[in-house]
Amino acid sequence: MLSPTEAAEPATDGTPEAGLPEPAGSAVRRRAARWATAGAVVWAAAMALHTSVPNAGVNAGSLFQTLLPWTGLGVPLLLALAVVLRSRIAAVAVLAPAVVWVTLFGGALTDKRSGGGDLTVVSHNVDERNTDPAGTARVLAAAGADVLALEELSDASAAVYSRELAAAYPHHAVIGGVGIWSRHPLADVTAVPIMPWTRAMRATVRAPEGPPVAVYAVHLASVRVSAAGFATGRRNDAARELAAALRSETAPRVVVLGDFNGAYRDRALSPVTSRLRSAQGEAGAGLGFTWPAAFPVVRIDDVMVRGMTPRAAWTLPATGSDHLPVAARLSR
Numbered sequence: 001m002l003s004p005t006e007a008a009e010p011a012t013d014g015t016p017e018a019g020l021p022e023p024a025g026s027a028v029r030r031r032a033a034r035w036a037t038a039g040a041v042v043w044a045a046a047m048a049l050h051t052s053v054p055n056a057g058v059n060a061g062s063l064f065q066t067l068l069p070w071t072g073l074g075v076p077l078l079l080a081l082a083v084v085l086r087s088r089i090a091a092v093a094v095l096a097p098a099v100v101w102v103t104l105f106g107g108a109l110t111d112k113r114s115g116g117g118d119l120t121v122v123s124h125n126v127d128e129r130n131t132d133p134a135g136t137a138r139v140l141a142a143a144g145a146d147v148l149a150l151e152e153l154s155d156a157s158a159a160v161y162s163r164e165l166a167a168a169y170p171h172h173a174v175i176g177g178v179g180i181w182s183r184h185p186l187a188d189v190t191a192v193p194i195m196p197w198t199r200a201m202r203a204t205v206r207a208p209e210g211p212p213v214a215v216y217a218v219h220l221a222s223v224r225v226s227a228a229g230f231a232t233g234r235r236n237d238a239a240r241e242l243a244a245a246l247r248s249e250t251a252p253r254v255v256v257l258g259d260f261n262g263a264y265r266d267r268a269l270s271p272v273t274s275r276l277r278s279a280q281g282e283a284g285a286g287l288g289f290t291w292p293a294a295f296p297v298v299r300i301d302d303v304m305v306r307g308m309t310p311r312a313a314w315t316l317p318a319t320g321s322d323h324l325p326v327a328a329r330l331s332r
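Residue numbers (the numbering used here): 1 to 332.
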């Protein structure tokens, strides 16, 4: 026989025992548990179907895909809610978004770096407001890369980088706001018209051993987040122009370095990313966030390749820029 106290105790899933009066507050908790369960399922569906989140109007799809790695934070929050509500059903439902997140990003958390590689590259948005370009140049030179691609150069800072990097990188070219520094000779240097002003360039790197490599330094247009939504129009136009240039590229080995102002998974960048592979995705350790440098939450700087094999990818220490530099070791 149940005592009065036991009779008032609800089941652990928020449902009262059959034939017993429902305790005060139990109905509210059961409704909350149902909402928590539904929320977990909807959250899992949104993550799994992120390519289907509408991108019309405020570009919610691009914003959601940019922040997609952070959707995993919903898992512990939903689990805590299920515990508070004492709902076994809600707790089990949390497995759905957890499984989806692990499927999407579990592989990124493993260390996929390996040995080998005959070309090391670094890309860095050096920030035109950087007050210590000389110090930034020293950090980059210390990485020992064969090729550096720098974005967001000003006339004044380009002169500083040219002076500070001259000893380690005797070959360089700057066009507009982007530049390439190389230990090996550069040929076929040209601007790549992706915007009305120059934010991309191409050069052929000719190392003494191994085949030549077409190297692009790229800085796509910035995006803006406001009450009107996620403004990406100019960036998307630049991505399409870059994709057109890559379609015309005849070199079998291509490296695209730069600030893409968007995540690799952002569908709006697919004209470019569908033609290239991310070195971080294939040979990195972790998610490799690059911006903002003080507390990185997204990876908008990347090394992308075609006809090359990534062996390792990583971020470099912070400089005076608001971006972290990214590096990769590649095999031709």
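We put the beta carbon where it would ideally sit given N, CA and C, even for glycine.
What first and last residue would you give for the beta strand (DSSP E) that runs through residue i?
| i | result |
| --- | --- |
| Glu338 | There is simply no residue 338 to check, as the chain begins at 1 and stops at 332 in what is shown. |
| Val335 | This structure does not reach residue 335, given that the chain is present from 1 up to 332, and the question cannot be answered. |
| Trp181 | Val178 to Ser182 |
| Arg123 | The question names Arg, yet the displayed sequence has Ser at residue 123. Leu119 to Asn125 is the extent of the beta strand (DSSP E) around Ser123. |
| Val174 | His171 to Ile175 |
On the criterion of 16 or more Cβ atoms from any shown chain inside 10 Å, does residue i qualify as buried, or is it exposed?
| i | result |
| --- | --- |
| Glu6 | With a pLDDT of only 46 at Glu6, under 50, the local geometry of the prediction cannot be trusted, and no value is derived from it. |
| Thr103 | exposed |
| Phe295 | exposed |
| Leu153 | buried |
| Leu85 | buried |
| Leu77 | exposed |
| Trp314 | buried |
| Glu209 | exposed |
| Leu109 | exposed |
| Val174 | buried |
| Trp43 | buried |
| Ser62 | buried |
| Arg325 | Note that residue 325 is Pro in the sequence shown, not Arg. Pro325 should be labelled buried. |
| Pro170 | exposed |
| Ala187 | exposed |
| Val213 | buried |
| Asp111 | exposed |
| Ala243 | buried |
In terms of residues, what are the limits of the alpha helix (DSSP H) holding residue i?
| i | result |
| --- | --- |
| Thr273 | Ser270 to Thr273 |
| Trp197 | Per DSSP, Trp197 belongs to no alpha helix (DSSP H) and is neither H nor E. |
| Pro76 | Gly74 to Leu85 |
| Trp334 | There is no way to answer for residue 334, as the model of the chain reaches only from 1 to 332. |
| Phe105 | Leu95 to Phe105 |
| Gly61 | Ala60 to Thr66 |
Which same chain residues, not among the five before or five after residue i, have their C-beta less than 7 Å away from its C-beta?
| i | result |
| --- | --- |
| Met308 | Arg253, Val255, Leu330, Ser331 and Arg332 |
| Val41 | Ala93 and Ala96 |
| Trp101 | Met47, Thr71, Gly72 and Val75 |
| Arg224 | Ala231 |
| Val305 | Val254, Val255, Leu276, Arg277, Ala279 and Leu330 |
| Phe64 | His50 and Val53 |
| Arg265 | Gln65 and Leu68 |
| Asp118 | Gly210, Ser331 and Arg332 |
| Arg240 | Pro271 |
| Val333 | There is no way to answer for residue 333, as the model of the chain reaches only from 1 to 332. |
In three-state DSSP terms, what is residue i?
| i | result |
| --- | --- |
| Asn55 | coil |
| Leu324 | coil |
| Arg240 | helix |
| Met47 | helix |
| Asp188 | strand |
| Asp155 | helix |
| Ser26 | helix |
| Val255 | strand |
| Thr204 | strand |
| Arg332 | coil |
| Ala33 | helix |
| Ala217 | strand |
| Arg129 | coil |
| Ser222 | coil |
| Ala294 | coil |
| Ser278 | strand |
| Ala38 | helix |
| Ala318 | coil |
| Ala231 | strand |
| Leu263 | Rather than Leu, the amino acid found at residue 263 in this sequence is Ala. Ala263 falls in the coil class under three-state DSSP. |
| Ala168 | coil |
| Ala90 | helix |
| Ala143 | coil |
Flag residue i as yes if its beta-carbon sits less than 8 Å from any beta-carbon of chain D, otherwise no.
| i | result |
| --- | --- |
| Leu78 | Any reference to chain D falls outside this structure, which holds one protein chain only. |
Near residue i, which residues of its chain fall below 6 Å by C-beta distance, leaving aside the five closest residues on each side in sequence?
| i | result |
| --- | --- |
| Ala238 | Ile194, Met195, Leu220 and Ala221 |
| Ala149 | Ser123, Ile180, Ala217 and Leu257 |
| Ala98 | Val75 |
| Leu334 | With the chain represented from 1 up to 332, any question about residue 334 goes unanswered, as that position is not in the structure. |
| Ala90 | Ala33, Ala36, Thr37 and Ala82 |
Near residue i, what residues of its chain come up, given a Cβ to Cβ distance below 8 Å and the 5 sequence neighbours on each side ignored?
| i | result |
| --- | --- |
| Asp132 | Thr319 and Gly320 |
| Asn130 | Thr136, Ser157, Thr319, Gly320 and Ser321 |
| Gly144 | Thr120 |
contact_flag[the segment 190 to 203, the segment 155 to 167] where n(CB pairs < 8 Å) is 3 or more: no
Sufficient close CB pairs (3 or more, under 8 Å) joining the segment 281 to 297 to the segment 316 to 331: yes
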